[in-house]
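Quick notes on the structure that follows.
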Amino acid sequence: MSNERIEGILAEFKNPAELLKAAEKMRDAGYKDYDCHSPFPIHGMDKAMGEKRSILGWMVGPVAFVMVIFGFLFEGWTSTIAYPLVISGKPLFSYQAYGAVAFAIMVLTSALTALVGMLALNKLPRFHHPVFYSDRFAKVSDDGFFVSVEAGDKQFDREKTKAFLESIGGTHIEELIAND
Amino acid sequence: MSVTVKNNSITPVLEEPPLITGNQTFASITEKISSITETKPGKGWALGFSIAAFLALILFGSIGFLFWEGVGIWGLNNPVSWGWAIVNFVFWVGIGHAGTLISAILFIFRQRWRTSINRFAEAMTIFAVICALIFPGIHVGRVWVAYFMFPIPNQMEMWPNFRSPLLWDVFAVGTYFSVSLMFWYTGLIPDLATLRDRAKSMLRKRVFGILSLGWRGGNKQWKHYELAYLLLAGLSTPLVLSVHSVVSTDFATSVIPGWHTTIFPPYFVAGAIFSGFAMVLTLAIIARKIFGLEHIITINHFEKMNKIMLLTGMMVGYAYGMEFFIAWYSGNDYETFTFLNRAFGPYAWAYWTMITCNVFIPQLFWFKKIRRSIPAMFVITIFINIGMWFERFVIVVSSLSRDFLPSSWDYYAPTIFDISLLVGSFGLFFTLFLLFIRYLPMIAMSEVKGVMPQADPHYYEKHD
Numbered sequence: 002m003s004n005e006r007i008e009g010i011l012a013e014f015k016n017p018a019e020l021l022k023a024a025e026k027m028r029d030a031g032y033k034d035y036d037c038h039s040p041f042p043i044h045g046m047d048k049a050m051g052e053k054r055s056i057l058g059w060m061v062g063p064v065a066f067v068m069v070i071f072g073f074l075f076e077g078w079t080s081t082i083a084y085p086l087v088i089s090g091k092p093l094f095s096y097q098a099y100g101a102v103a104f105a106i107m108v109l110t111s112a113l114t115a116l117v118g119m120l121a122l123n124k125l126p127r128f129h130h131p132v133f134y135s136d137r138f139a140k141v142s143d144d145g146f147f148v149s150v151e152a153g154d155k156q157f158d159r160e161k162t163k164a165f166l167e168s169i170g171g172t173h174i175e176e177l178i179a180n181d
Numbered sequence: 019m020s021v022t023v024k025n026n027s028i029t030p031v032l033e034e035p036p037l038i039t040g041n042q043t044f045a046s047i048t049e050k051i052s053s054i055t056e057t058k059p060g061k062g063w064a065l066g067f068s069i070a071a072f073l074a075l076i077l078f079g080s081i082g083f084l085f086w087e088g089v090g091i092w093g094l095n096n097p098v099s100w101g102w103a104i105v106n107f108v109f110w111v112g113i114g115h116a117g118t119l120i121s122a123i124l125f126i127f128r129q130r131w132r133t134s135i136n137r138f139a140e141a142m143t144i145f146a147v148i149c150a151l152i153f154p155g156i157h158v159g160r161v162w163v164a165y166f167m168f169p170i171p172n173q174m175e176m177w178p179n180f181r182s183p184l185l186w187d188v189f190a191v192g193t194y195f196s197v198s199l200m201f202w203y204t205g206l207i208p209d210l211a212t213l214r215d216r217a218k219s220m221l222r223k224r225v226f227g228i229l230s231l232g233w234r235g236g237n238k239q240w241k242h243y244e245l246a247y248l249l250l251a252g253l254s255t256p257l258v259l260s261v262h263s264v265v266s267t268d269f270a271t272s273v274i275p276g277w278h279t280t281i282f283p284p285y286f287v288a289g290a291i292f293s294g295f296a297m298v299l300t301l302a303i304i305a306r307k308i309f310g311l312e313h314i315i316t317i318n319h320f321e322k323m324n325k326i327m328l329l330t331g332m333m334v335g336y337a338y339g340m341e342f343f344i345a346w347y348s349g350n351d352y353e354t355f356t357f358l359n360r361a362f363g364p365y366a367w368a369y370w371t372m373i374t375c376n377v378f379i380p381q382l383f384w385f386k387k388i389r390r391s392i393p394a395m396f397v398i399t400i401f402i403n404i405g406m407w408f409e410r411f412v413i414v415v416s417s418l419s420r421d422f423l424p425s426s427w428d429y430y431a432p433t434i435f436d437i438s439l440l441v442g443s444f445g446l447f448f449t450l451f452l453l454f455i456r457y458l459p460m461i462a463m464s465e466v467k468g469v470m471p472q473a474d475p476h477y478y479e480k481h482d
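Protein chains in written order, with the numbering used here: chain Z, 2 to 181; chain S, 19 to 482.
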């Protein structure tokens with residue numbers, strides 16, 4: 002077929018320890034566009050892959066900070082300017098009463114940012130990805146441990162990468178071929 | 019050569035018993051939990067679902083009639099303007115708290131045993147809060163203007179009164195529901211991917227494929243995922259304490275004797291966790307038995323939960339005692355009367371039911387044998403569920419029925435519609451819960467796998 006092209010290579014590893022070792026070797030060999038897939042997060046994998054800490058906290062923190070102030074000011078604005086209403090002789094700007102709602106607004110918007118931000122950083126939802134060409138890859142959510150290298154990586158070479166993955170203990174090495 | 023410490027040489031007393039028993043592998047966990055959602059449920063499920071769905075229909079029917087006729091169909095009278103609807107609201111919100119405590123606070127404290135029960139408990143939270151939200155929603159009377167509660171710009175240029183605790187409630191409980199739902203869904207994503215990968219039929223492949231958002235389990239994804247999970251846990255942690263505190267201010271900021279006390283927020287929170295754990299345990303005992311999950315939800319999990327109930331039960335007992343003490347110590351005649359009236363007045367039967375169920379019966383958990391006996395704990399949790407409903411009944415109804423003016427006193431009795439709404443809300447709760455255990459993984463597979471000894475890369479150094 003003319004449109005056949007390789008989009009990546011997938012290799013399977015036996016257990017979390019082997020995957021961790023493989024990740025270290027991939028990192029040392031200079032690969033960037035690769036990922037280690039596992040059914041659960043593996044402790045120490047970020048370090049092994051040379052990954053930096055997620056920046057999600059820097060998205061949620063500012064949202065929390067801004068939204069708690071917004072909530073507080075919004076309550077003050079509605080009860081003093083937009084719709085002043087004297088109830089049981091209480092002062093219009095009763096800041097003591099605004100805490101609960103300002104807090105709720107902060108938590109709600111921060112949680113939304115955490116979820117949406119996580120999906121955005123992970124580029125999800127994404128229903129089409131080279132790793133899904135492999136049938137074996139279905140094991141990843143059960144008890145499979147995989148390393149995938151994308152063809153876009155600078156180090157990527159169809160034969161050399163395959164040989165390298167084999168040399169670090171990968172089995173069932175598979176080419177991820179797009180057929181379209 | 020560095021010094022090596024053999025794990026075996028450490029005194030075995032310090033070693034925790036394994037969280038998961040029965041020599042499970044990653045695959046056996048996947049199989050055990052996913053297969054529940056993939057096979058046809060037994061007759062028991064169908065029967066339970068029919069009953070629950072029938073009761074839920076009663077709920078919707080009663081709500082329909084309520085909208086048609088008005089809140090006069092309830093047993094409300096002149097002093098008792100808050101009846102069962104508010105009792106049920108506080109009861110259901112309270113039930114939810116255990117789920118959030120297990121999913122958020124125990125996560126922050128690295129209590130790894132939570133992984134076996136957290137999905138389950140979070141689902142219970144969401145369904146309980148749905149039941150809770152119905153009651154204040156229908157209690158407003160004119161439901162067609164319920165949108166007044168939200169700060170929506172409108173042609174009347176009208177805004178809600180943010181100084182009212184009832185409005186705080188709208189935000190607190192609304193936020194609680196939304197955040198719980200987001201937290202639950204975040205936790206579900208890897209497990210939905212498992213169901214997607216195991217799916218045989220096109221329909222299941224499509225549905226779980228869409229719901230799992232194309233999750234690939236790559237570490238570059240786990241990195242963000244784990245931080246999002248931690249942040250959501252961190253955001254939910256204050257919610258456990260704040261939501262029921264805000265609910266308690268509905269009462270505490272009023273001037274009614276018996277309501278106007280500063281002990282209410284911590285007292286309500288302790289009661290919420292107490293009742294929530296009782297409900298989690300009631301449901302977990304049944305589900306564990308029916309689906310054979312004895313190796314994943316072990317007796318050790320139950321014992322830990324029983325200890326939490328013993329603790330929070332005593333906090334509640336302390337609050338009951340302290341309310342009495344302050345009523346006497348304040349020298350306020352109205353306060354003193356209200357509390358004497360609770361214990362010896364027309365609602366004494368409800369008060370002593372509450373004390374018996376919430377304070378006396380849980381003391382049985384001091385005995386290790388009872389903490390580890392499934393029939394015993396099942397019965398005790400039912401008592402606690404009943405007792406905690408009565409606690410809210412005592413607070414709401416006995417305080418209102420006899421306030422400052424004896425000429426306005428009246429006795430409150432529920433009507434058939436109060437009863438149908440309470441029973442119906444249980445129907446809705448169980449309908450949703452049964453659907454959940456039928457169609458979604460009721461135990462967080464990826465999290466359980468993560469706490470198994472095989473998940474630790476160091477495990478293989480010793481065993482190879």
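All C-beta atoms in this analysis are idealised placements derived from N, C-alpha and C, irrespective of residue type, glycine included.
Predicted, not measured: the structure shown is a model, and the values here were computed from it.
- Establish whether the CB of Thr216 of chain S and some CB of chain Z are separated by less than 9 Å. Note that residue 216 of chain S corresponds to Arg in the displayed sequence, not to Thr. Yes, Arg216 of chain S lies at the interface with chain Z (some Cβ there is under 9 Å from its Cβ).
- Message: Checking 9 Å against the spacing of the C-beta atoms, do Leu452 of chain S and Phe67 of chain S come in under that value?
- Response: Leu452 of chain S is a Cβ neighbour of Phe67 of chain S, given a cutoff of 9 Å.
- Query: Comparing alpha-carbon positions, which option in S:Gly205, S:Ala150, S:Glu56, S:Ser438 lies nearest Gly93 of chain S?
  - Reply: For Gly93 of chain S, the nearest C-alpha among the options comes from S:Ser438.
- Item | Short Cβ contact (9 Å threshold) for Phe83 of chain S with Ala150 of chain S | The criterion of a C-beta distance shorter than 9 Å is not satisfied by Phe83 of chain S and Ala150 of chain S.
- Interfacial residues, the stretch 41–59 of chain S to chain Z, with Cβ spacing under 8 Å: Correct list: Thr43, Phe44, Ala45, Thr48.
- Query: Are the beta-carbon atoms of Leu450 of chain S and Phe72 of chain S separated by less than 9 Å?
  - Reply: Against a cut-off of 9 Å, the Cβ pair of Phe72 of chain S and Leu450 of chain S comes out as no contact.
- Item | Ile156 of chain S to Ile81 of chain S span [Cα, whole Å] | Rounded to the nearest angstrom, the gap between the Cα atoms of Ile156 of chain S and Ile81 of chain S is 7 Å.
- So what does DSSP say about Ile56 of chain Z, is it helix, strand or coil? Looking at Ile56 of chain Z - three-state DSSP - the assignment turns out to be coil, as it is neither helix nor strand.
- Quick one: grab the DSSP three-state call for Glu5 of chain Z. Note: Glu5 of chain Z maps to coil in three-state DSSP.
- Message: Between which residues of its own chain and Ala251 of chain S is the CB-CB distance below 6 Å, once the five residues before and five after are set aside?
- Response: Within the same chain, Ala251 of chain S has close Cβ partners Ala122, Phe125, Ile126.
- Can you round the beta-carbon distance between His38 of chain Z and Val141 of chain Z to whole angstroms, since I take them to be within the 8 Å contact cut? For a cut-off of 8 Å, the C-beta gap from His38 of chain Z to Val141 of chain Z is around 5 Å, short enough to register as a contact.
- Item | Where Pro126 of chain Z falls, given that 16 or more other Cβ within 10 Å makes a residue buried | Exposed, because fewer than 16 other Cβ atoms sit within 10 Å of the Cβ of Pro126 of chain Z.
- Message: Which residues of the stretch 19–39 of chain Z have a Cβ closer than 7 Å to any Cβ of chain S? Give them in chain order.
- Response: Under the 7 Å Cβ criterion, the stretch 19–39 of chain Z contributes Leu21, Asp36, Cys37, His38, Ser39.
- Distance, Cα to Cα, Val397 of chain S vs Gly101 of chain S? Taking the CA atoms as reference points, Val397 of chain S sits about 28 Å from Gly101 of chain S.
- Item | C-alpha distance - Ala152 of chain Z paired with Met463 of chain S, whole-angstrom precision | Distance between the alpha carbons of Ala152 of chain Z and Met463 of chain S: 32 Å.
- Item | Rounded straight-line distance, which links the Cα of Glu87 of chain S to that of Phe444 of chain S | Per the coordinates, the alpha-carbon of Phe444 of chain S lies some 23 Å from the alpha-carbon of Glu87 of chain S.
- Query: By Cβ distance below 6 Å, which residues in the same chain neighbour Arg103 of chain S in space, the five residues on each side in sequence not counted?
  - Reply: First, the amino acid is wrong: residue 103 of chain S is Ala here, not Arg. Same-chain partners within the cutoff: Phe153, His157.
- Answer with buried or exposed for Ala115 of chain Z, where buried requires no fewer than 16 other C-beta atoms within 10 angstroms of its C-beta. Ala115 of chain Z counts as buried, since at least 16 other C-beta atoms from the protein chains shown sit within 10 angstroms of its C-beta.
- Query: Which residues, in order along the stretch 202–214 of chain S, keep a beta-carbon less than 7 Å from a beta-carbon of chain Z?
  - Reply: Flagged, chain order: Thr204, Pro208, Ala211, Thr212.
- Message: At the 9 Å Cβ level, is Asn25 of chain S part of the contact set with chain Z, yes or no?
- Response: Its pLDDT being 49, under 50, Asn25 of chain S is placed unreliably in this model, and the value from its coordinates should be taken loosely. So no, Asn25 of chain S is outside the interface.
- Item | Below-9 Å beta-carbon distance, Met2 of chain Z vs any chain S residue | Bear in mind that the predicted position of Met2 of chain Z carries a pLDDT of just 48, short of 50, making it too unreliable to give a figure here.
- Item | Cross-chain neighbours of Tyr478 of chain S in chain Z, by beta carbon under 7 Å | The contacting residues are Asn16, Ala18.
- Task: To the nearest angstrom, report how far apart Trp78 of chain Z and Val102 of chain Z are at their CA atoms.
- Result: Approximately 14 Å between the Cα atoms of the pair.
- Message: Just checking: is the beta-carbon of Lys91 of chain Z within a distance shorter than 9 Å of some beta-carbon in chain S?
- Response: Yes, its Cβ sits closer than 9 Å to a Cβ of chain S.
- Item | Meets three-Cβ-pair contact criterion under 8 Å: the stretch 226–235 of chain S and the stretch 156–174 of chain S | Fewer than three Cβ pairs drawn from the stretch 226–235 of chain S and the stretch 156–174 of chain S lie within less than 8 Å of each other, which leaves the two stretches out of contact.
- Buried or exposed: where does Met174 of chain S fall if 16 or more other Cβ atoms within 10 Å of its Cβ makes it buried? Met174 of chain S should be labelled exposed.
- Query: Distance, Cα to Cα, Ile344 of chain S vs Glu465 of chain S?
  - Reply: Looking at the two C-alpha atoms, the distance is approximately 46 Å.
- Taking C-beta to C-beta, are Glu175 of chain Z and Leu11 of chain Z nearer than 9 Å? Annotated as proximal: Glu175 of chain Z and Leu11 of chain Z, with beta-carbon spacing under 9 Å.
- Rounded to the nearest angstrom, how far is the Cβ of Ser196 of chain S from that of Leu74 of chain Z, given a contact under 8 Å? The Cβ separation is near 22 Å, so there is no contact.
- Partners in chain S for Ala164 of chain Z, counting only beta-carbon separations shorter than 9 Å: For Ala164 of chain Z, there are no neighbours in chain S by C-beta distance under 9 Å, as the nearest C-beta there is about 23 Å away.
- Beta-carbon contacts of Thr22 of chain S that lie in its chain and below 8 Å, excluding the five residues immediately before and after: Note that Thr22 of chain S has pLDDT 48, beneath the 50 cutoff, so the model's placement of it is unreliable and no number is given.
- Fully enclosed by the stretch 251–298 of chain S, which alpha helix (DSSP H) runs are 4 residues long or longer? Counting only runs of 4 or more, we get nothing.
- Message: Give me the residue from Z:Pro63, Z:Gly118, Z:Leu86 with the minimum Cα distance to Gln239 of chain S.
- Response: Between Gln239 of chain S and the set Z:Pro63, Z:Gly118, Z:Leu86, the nearest pair of CA atoms involves Z:Gly118.
- Item | Cβ neighbours of Tyr365 of chain S in the same chain (closer than 6 Å, five flanking residues each side left out) | For Tyr365 of chain S, where only same-chain residues beyond five positions count, the Cβ hits under 6 Å are Ser416.
- Query: Comparing alpha-carbon positions, which option in S:Asn318, S:His476, S:Arg214, S:Ser46 lies nearest Lys387 of chain S?
  - Reply: Considering only S:Asn318, S:His476, S:Arg214, S:Ser46, the residue with the shortest C-alpha distance to Lys387 of chain S is S:Asn318.
- Message: If I follow the unbroken beta strand (DSSP E) through Phe408 of chain S, where does it start and stop?
- Response: First-last for Phe408 of chain S: 392–411, but that is the alpha helix (DSSP H), not the beta strand (DSSP E).
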